Amino acid sequence: MLRQLFSILWLENYGTAAPIEFEKVMSLVTENQILDEVNLLLERKKVSEEKMLAPAIPALNRYIENQLSRLENIKVPKTNRISEMEQLNWLFQAVLKNNY
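For the sequence shown, the positions run 161 to 260 when this note's numbering is used.
Here is the structure:
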């Protein structure tokens, strides 16, 4: 869940797909408490079995809930999908004409 939320932050800040490296997307988090908790969680994951249950981390749970609430309220602007598709069709046909 954290990777996805951090990737959304990346998308919001840079307008591009987030990098695969977790540390890079995590770099956008500015709250020291969250960074500390994530680092502790990463250390725990390194020494535990993958499916091992761990106790809840209240600070991370609050962060996740706050981010999800924030994201629920975002209004994504509608785009003209027909126009975009027409442009892609035109480009596709132009490429075919030039190559064949």
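Beta carbons are placed, not taken as given, at the ideal position from N, Cα and C, and that holds for glycine.
Quick caveat, the model's predicted, so the values are computed rather than measured.
Per DSSP, reduced to three states, the secondary structure at A178 is coil, with no helix or strand assignment. For N233, the secondary structure class from DSSP, reduced to helix, strand or coil, is coil. Close CB contacts of L169 within its chain, under the 6 Å cut and outside five residues either way in sequence, are with L188 (chain order). In this structure, E197 sits near I217, with a CB-CB distance shorter than 9 Å. Between A214 and R204, the beta carbon gap of about 6 Å places them in contact (Cβ cut-off 8 Å).
Straight through space, the alpha carbons of L251 and Q227 are spaced by roughly 38 Å. In terms of Cβ geometry, L162 and L220 form a close pair [threshold 9 Å].
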